[in-house]
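Participant: Protein chains in written order, with numbering that gives the first Met the number 0: chain A, 0 to 244; chain B, 0 to 263.
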Amino acid sequence: MTAVIEIRDLHKYFGDLEVLKGIDFQVEEGEVVCIIGPSGSGKSTLLRCVNRLEEATSGTILIEGDDITDADADVDALRTRIGMVFQQFNLFPHLDVLHNLTVAQTKVLKRGKKEADQIAHDVLERVGLLDKISEYPIRLSGGQQQRVAIARALAMNPDMMLFDEPTSALDPELVGEVLDVMRKLAREGMTMMVVTHEMGFALEVGDRVVFMDDGIVVEEGAPSVVLQEPKTERARRFLRMVTDK
Amino acid sequence: MAMKPRQRQRLFRWLMYGIGIVVVVLAIVLGDWERIGFNFFNLEVMADMFPEVLTIAARNTIIYTLMSFAIGLVGALVLALMKLSSIAPYRAFAIAYIELFRGLPALITLILIGFGIPIAFQGIRIPGGRVGAGVLGLSIVAAAYMAETIRAGIEAVPRGQSEAARSLGMSANRTMFTIVLPQAFRIIIPPLTNEMVLLIKDTSLFFVLGTTPLTKELTKFARDFMIEIRNATPLTVAALVYLAITLPLTWLVRKLEKRAAMSR
Numbered sequence: 000m001t002a003v004i005e006i007r008d009l010h011k012y013f014g015d016l017e018v019l020k021g022i023d024f025q026v027e028e029g030e031v032v033c034i035i036g037p038s039g040s041g042k043s044t045l046l047r048c049v050n051r052l053e054e055a056t057s058g059t060i061l062i063e064g065d066d067i068t069d070a071d072a073d074v075d076a077l078r079t080r081i082g083m084v085f086q087q088f089n090l091f092p093h094l095d096v097l098h099n100l101t102v103a104q105t106k107v108l109k110r111g112k113k114e115a116d117q118i119a120h121d122v123l124e125r126v127g128l129l130d131k132i133s134e135y136p137i138r139l140s141g142g143q144q145q146r147v148a149i150a151r152a153l154a155m156n157p158d159m160m161l162f163d164e165p166t167s168a169l170d171p172e173l174v175g176e177v178l179d180v181m182r183k184l185a186r187e188g189m190t191m192m193v194v195t196h197e198m199g200f201a202l203e204v205g206d207r208v209v210f211m212d213d214g215i216v217v218e219e220g221a222p223s224v225v226l227q228e229p230k231t232e233r234a235r236r237f238l239r240m241v242t243d244k
Numbered sequence: 000m001a002m003k004p005r006q007r008q009r010l011f012r013w014l015m016y017g018i019g020i021v022v023v024v025l026a027i028v029l030g031d032w033e034r035i036g037f038n039f040f041n042l043e044v045m046a047d048m049f050p051e052v053l054t055i056a057a058r059n060t061i062i063y064t065l066m067s068f069a070i071g072l073v074g075a076l077v078l079a080l081m082k083l084s085s086i087a088p089y090r091a092f093a094i095a096y097i098e099l100f101r102g103l104p105a106l107i108t109l110i111l112i113g114f115g116i117p118i119a120f121q122g123i124r125i126p127g128g129r130v131g132a133g134v135l136g137l138s139i140v141a142a143a144y145m146a147e148t149i150r151a152g153i154e155a156v157p158r159g160q161s162e163a164a165r166s167l168g169m170s171a172n173r174t175m176f177t178i179v180l181p182q183a184f185r186i187i188i189p190p191l192t193n194e195m196v197l198l199i200k201d202t203s204l205f206f207v208l209g210t211t212p213l214t215k216e217l218t219k220f221a222r223d224f225m226i227e228i229r230n231a232t233p234l235t236v237a238a239l240v241y242l243a244i245t246l247p248l249t250w251l252v253r254k255l256e257k258r259a260a261m262s263r
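Rendered as structure tokens:
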């Protein structure tokens with residue numbers, strides 16, 4: 000197996016505050032890695048460093064062998080290989096669903112309109128929203144918006160997907176439909192890095208769980224081990240708090 | 000004296016009504032209505048002004064406004080992007096430009112452009128002659144005002160929008176022009192329309208650069224007519240034409256603002 004994402008000694012400061020204190024780990028091809036931990040532990044920052052929405056202070060991140068932290072890296076080209084899904088969906092409200100899915104295909108990948116439309120159709124079908132193709136985002140429920148956001152990322156044919164708390168902004172009854180789409184993606188072999196609070200999803204779909212706290216990886220391993228028999232006291236305390244809810 | 004707040008409010012309100020009624024009655028009683036009618040609402044004079052007041056004066060006012068608005072808008076966009084740039088000299092230039100031309104009376108800017116440039120740069124002629132100089136001067140002023148509006152619009156678009164666009168591989172410029180600006184302009188259409196109403200009135204300053212019978216805008220046209228016939232009716236007519244242009248625009252702004260408020 001080859002590493003699709005390789006993070007080496009990653010440090011990140013916001014001013015004087017060190018939010019990532021030396022992170023090392025890899026994500027293999029087809030692997031689903033779930034990152035859990037209390038808020039403020041640096042998991043979202045870590046994810047955002049992977050496609051350089053945040054600049055790492057030091058350390059390296061290799062995307063399929065290419066260093067995205069290099070000052071001379073072609074970040075825009077690298078980002079087309081990395082799909083990203085945000086907590087707040089971030090669909091483009093001035094474009095209908097079809098154009099949300101085609102704008103980057105035509106402008107960045109220079110695909111023709113016909114090809115882009117066809118791909119948009121295909122990915123919308125995969126997330127089960129083909130009937131919403133000409134709606135504007137404001138007319139969709141949160142769950143539908145997030146599924147469109149996943150489709151928008153998929154339309155670029157990325158080699159890997161990053162999910163930044165994709166269900167945290169959703170009403171409870173809408174969480175399931177988004178997790179279903181992600182589960183399907185994982186089964187199809189997509190390489191995924193998922194920051195989440197959905198322990199059930201991490202246990203069922205994750206190949207590996209990484210528990211972060213205070214800017215470091217405290218514990219990582221098989222989901223059944225990390226989530227059910229954590230070795231560290233910090234992980235035990237966190238999991239107790241989450242499951243008590 | 001003890002008075003309940005509601006009583007006090009009611010007393011104050013009737014006091015205001017009373018003052019208003021007294022002023023109106025005084026104006027009616029003291030006004031010389033025959034002279035007012037002859038000097039301000041003279042039907043013969045009104046008839047004399049048509050059709051030129053529309054075919055030349057109003058037409059010029061609208062053309063000058065639209066040209067200044069269009070050129071000013073392009074300038075404003077460039078200035079707004081410079082002000083938001085990460086490159087310090089760009090920011091400094093934009094700030095200096097905006098503060099300078101918002102701080103100067105438009106009249107002085109027009110004179111500086113119209114008379115200053117030909118003196119300072121001999122052999123350089125502004126295309127379009129005096130009208131060109133007027134449009135250029137007003138565009139420069141309008142750009143300064145609208146730059147701040149556009150900058151505010153850009154900053155009102157949520158950060159997540161550009162993050163999503165960047166994560167799809169769009170460059171910073173592409174993100175600005177295909178994702179951020181279309182949303183920003185939707186937000187700032189009402190304030191931009193207000194800028195246009197202000198511009199309509201500022202075209203009355205063009206007279207300082209000199210006019211010909213065919214380049215007069217509404218105010219200059221009315222003033223010349225007024226002096227020629229020694230009667231103020233042309234001003235009344237010009238005022239009504241201004242209102243006929245600006246009132247529909249302000250009505251449109253209110254409608255757009257209501258619609259923008261609803262789509263949030």
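Glycine included, C-beta positions come from ideal geometry on N, C-alpha and C.
Give the list of continuous alpha helix (DSSP H) stretches no shorter than 4 residues that lie fully inside the region 77–148 of chain A.
Facilitator: 96–106 and 112–125
Participant: Kindly indicate which three-state DSSP category residue 213 (chain A) falls into: helix, strand or coil?
Facilitator: For the purposes of this step, residue 213 (chain A) is taken as residue 214 along the first sequence, with counting starting at 1. Reduced to three states, the DSSP call for residue 213 (chain A) is coil.
Participant: Where does residue 12 (chain B) fall in DSSP's three states?
Facilitator: As a first step, residue 12 (chain B) must be located in the second sequence, where it is residue number 13. DSSP places residue 12 (chain B) in helix when its eight states are reduced to three.
Participant: Roughly how far, in whole angstroms, is the beta-carbon of residue 214 (chain B) from the beta-carbon of residue 59 (chain B), given that I think they are within contact range, below 8 Å?
Facilitator: Within the second sequence, the letter at position 215 stands for residue 214 (chain B). Within the second sequence, the letter at position 60 stands for residue 59 (chain B). Confirmed, Cβ separation roughly 6 Å.
Participant: Which residues bound the alpha helix (DSSP H) around residue 192 (chain B)?
Facilitator: Working through the second sequence from its first residue, we reach residue 192 (chain B) at position 193. Its alpha helix (DSSP H) spans residues 180–201.
Participant: Using the beta-carbon of each residue, which ones in chain D are nearer than 9 Å to residue 181 (chain B)?
Facilitator: Included in the structure are the protein chains A and B, with no chain D among them.
Participant: What residue range does the alpha helix (DSSP H) around residue 45 (chain B) cover?
Facilitator: Start at 1 with the first residue of the second sequence, and residue 45 (chain B) comes out as number 46. Where residue 45 (chain B) is concerned, the enclosing alpha helix (DSSP H) stretches over 42–48.
Participant: Which residues in chain B sit within 7 Å of residue 83 (chain A), going by Cβ to Cβ distance?
Facilitator: The residue given as residue 83 (chain A) occupies position 84 in the first sequence. Under the 7 Å cutoff, chain B gives 166.
Participant: Check whether chain A comes within 8 Å of residue 203 (chain B), counting only Cβ atoms and requiring the distance to be less than that.
Facilitator: As a working note, residue 203 (chain B) is residue 204 in the second sequence. No, residue 203 (chain B) lies away from the interface with chain A (no Cβ there is under 8 Å from its Cβ).
Participant: Who are the Cβ neighbours of residue 225 (chain B) in its own chain at under 8 Å, not counting the five residues just before and after it?
Facilitator: Here the question's residue 225 (chain B) lines up with position 226 in the second sequence. Answer for residue 225 (chain B): 231, 232, 233 and 234, listed in chain order.
Participant: In terms of residue numbering, what span does the alpha helix (DSSP H) encompassing residue 130 (chain B) cover?
Facilitator: Here residue 130 (chain B) is taken as the residue at index 131 of the second sequence, counted from 1. Taken as a continuous stretch (DSSP letters only), the alpha helix (DSSP H) holding residue 130 (chain B) covers 128–155.
Participant: By how many angstroms is the C-alpha of residue 195 (chain A) removed from the C-alpha of residue 12 (chain A)?
Facilitator: In the first sequence, the residue the question calls residue 12 (chain A) occupies position 13. In the first sequence, the residue the question calls residue 195 (chain A) occupies position 196. Cα to Cα, the separation comes out at about 23 Å.
Participant: Three or more C-beta pairs closer than 8 Å, one from the region 109–128 of chain B and one from the region 162–181 of chain B: is that the case here?
Facilitator: As far as the Cβ criterion goes, the region 109–128 of chain B does not touch the region 162–181 of chain B, which means the pair count is below three.
Participant: Excluding the five sequence neighbours on either side, which residues of its own chain have a C-beta within less than 7 Å of the C-beta of residue 135 (chain B), listed in chain order?
Facilitator: In the second sequence, residue 135 (chain B) corresponds to position 136, counting from 1. Excluding sequence neighbours, residue 135 (chain B) sits near 112 and 125.
Participant: Specify the secondary structure class of residue 168 (chain A) as computed by DSSP and reduced to three states.
Facilitator: Walking along the first sequence from the start, residue 168 (chain A) turns up at place 169. Residue 168 (chain A) falls in the coil class under three-state DSSP.
Participant: Grab me the residues of residue 252 (chain B)'s own chain with a C-beta within less than 7 Å of its C-beta, minus the 5 sequence neighbours each way, in chain order.
Facilitator: Start at 1 with the first residue of the second sequence, and residue 252 (chain B) comes out as number 253. 189, 192 and 193.
Participant: As a quick exercise: from A:23, A:3, A:37 and A:190, pick the residue whose alpha carbon is nearest that of residue 213 (chain A).
Facilitator: Position 214 of the first sequence holds residue 213 (chain A). Here the closest residue by C-alpha is A:37.
Participant: Return the residue from the list A:32, A:100 and A:63 that minimises the CA-CA distance to residue 124 (chain A).
Facilitator: Taking the first sequence and counting its residues from 1, the one referred to as residue 124 (chain A) is at position 125. Of the listed residues, the one whose Cα sits closest to residue 124 (chain A) is A:100.
Participant: Sort out for me which residues DSSP pairs residue 161 (chain A) with in a bridge.
Facilitator: Mapped onto the first sequence, residue 161 (chain A) falls at position 162. Note: residue 161 (chain A) sits in a beta bridge opposite A:83 and A:192.
Participant: Taking residue 87 (chain A) as the query, report the chain B residues whose CB atoms sit under 7 Å from its CB, ordered along the chain.
Facilitator: Taking the first residue of the first sequence as 1, we reach residue 87 (chain A) at position 88. Correct list: 159.
Participant: Between residue 169 (chain A) and residue 88 (chain A), what straight-line distance do the alpha-carbon atoms span, to the nearest angstrom?
Facilitator: Counting from one through the first sequence, the residue named residue 169 (chain A) turns up at place 170. Counting from one through the first sequence, the residue named residue 88 (chain A) turns up at place 89. Each residue's alpha carbon lies about 10 Å from the other.
Participant: Check the C-beta distance from residue 206 (chain A) over to residue 30 (chain A) and give it rounded, since I have them as a contact under 8 Å.
Facilitator: Locating residue 206 (chain A) in the first sequence gives position 207, where the first residue counts as 1. Locating residue 30 (chain A) in the first sequence gives position 31, where the first residue counts as 1. Beta-carbon to beta-carbon, residue 206 (chain A) and residue 30 (chain A) are separated by about 5 Å, close enough to satisfy the 8 Å threshold.
Participant: Count the other CB atoms, across all protein chains shown, that sit within 10 Å of the CB of residue 40 (chain B); report buried if there are 16 or more and exposed otherwise.
Facilitator: As a first step, residue 40 (chain B) must be located in the second sequence, where it is residue number 41. Flag for residue 40 (chain B) reads exposed.
Participant: Would you kindly work out how many angstroms separate the C-alpha atoms of residue 152 (chain A) and residue 52 (chain B), rounded to a whole number?
Facilitator: Translated into the one-based positions of the first sequence, residue 152 (chain A) becomes position 153. Translated into the one-based positions of the second sequence, residue 52 (chain B) becomes position 53. If you draw a straight line from the Cα of residue 152 (chain A) to the Cα of residue 52 (chain B), it is about 59 Å long.
Participant: Taking the beta carbon of residue 108 (chain B) as the centre, do at least 16 other beta carbons fall within 10 Å, making it buried, or is it exposed?
Facilitator: Here residue 108 (chain B) refers to the residue found at position 109 of the second sequence. With 16 or more Cβ atoms within 10 Å of its Cβ, residue 108 (chain B) is classed as buried.
Participant: State the beta-bridge partners of residue 23 (chain A) as determined by DSSP.
Facilitator: Within the first sequence, residue 23 (chain A) is the residue found at index 24, counting from 1. The partner list for residue 23 (chain A) (beta bridge, DSSP) is empty, contrary to what the question assumes.
Participant: In the DSSP assignment, find the unbroken alpha helix (DSSP H) run with residue 68 (chain A) in it and report its ends.
Facilitator: Residue numbering aside, residue 68 (chain A) sits at position 69 when the first sequence is read from its first letter. Unbroken run through residue 68 (chain A): none, as it is neither H nor E.
Participant: Would you say residue 67 (chain B) reaches chain A, if we count a Cβ-Cβ gap shorter than 8 Å as a contact?
Facilitator: What you label residue 67 (chain B) is simply residue 68 of the second sequence in a count that begins at 1. It does not; no Cβ of chain A falls within 8 Å.
Participant: Counting only Cβ pairs nearer than 7 Å, list the residues of chain B close to residue 46 (chain A).
Facilitator: Indexing the first sequence from 1 puts residue 46 (chain A) at position 47. Near residue 46 (chain A) there are no residues of chain B at all, since even the closest Cβ is about 11 Å away, more than 7 Å.
Participant: According to a CB-to-CB cut-off of less than 7 Å, which residues of the region 33–58 of chain B neighbour chain A?
Facilitator: Along the region 33–58 of chain B, none of the residues has a CB nearer than 7 Å to a CB of chain A.
Participant: Considering just the uninterrupted stretch of the alpha helix (DSSP H) at residue 36 (chain B), what are its terminal residues?
Facilitator: Position 37 of the second sequence, counted from the start, is the residue given in the question as residue 36 (chain B). 32–39 is the span of the alpha helix (DSSP H), which, as asked, contains residue 36 (chain B).
Participant: If we ignore side chains and look at the alpha-carbon of each, how far apart do residue 173 (chain A) and residue 202 (chain A) end up?
Facilitator: Within the first sequence, numbered from 1, the residue matching residue 173 (chain A) stands at position 174. Within the first sequence, numbered from 1, the residue matching residue 202 (chain A) stands at position 203. Put simply, the backbone Cα of residue 173 (chain A) is about 20 Å away from that of residue 202 (chain A).
Participant: Per DSSP, what kind of secondary structure is residue 11 (chain A) in: helix, strand or coil?
Facilitator: By 1-based counting over the first sequence, the position of residue 11 (chain A) is 12. Residue 11 (chain A): strand per DSSP, three-state reduction.
Participant: Which residues in the same chain as residue 105 (chain A) place their Cβ atom closer than 7 Å to its Cβ, once the five residues preceding and following it in sequence are excluded?
Facilitator: For the purposes of this step, residue 105 (chain A) is taken as residue 106 along the first sequence, with counting starting at 1. So the list reads 112 and 115, once near-sequence residues are dropped.
Participant: Based on the DSSP secondary-structure assignment, which residues constitute the bridge partners of residue 220 (chain A)?
Facilitator: For the purposes of this step, residue 220 (chain A) is identified with residue 221 of the first sequence, where counting begins at 1. Beta-bridge pairing links residue 220 (chain A) to A:208.
Participant: Using only the alpha-carbon positions, how far apart do residue 263 (chain B) and residue 77 (chain B) sit?
Facilitator: Here residue 263 (chain B) corresponds to residue number 264 of the second sequence, with the count starting at 1. Here residue 77 (chain B) corresponds to residue number 78 of the second sequence, with the count starting at 1. Any answer about residue 263 (chain B) is weak, because its pLDDT of 48 lies below 50 and its placement is not dependable; what the coordinates show is given next. If I take the Cα positions, the gap works out to 28 Å.
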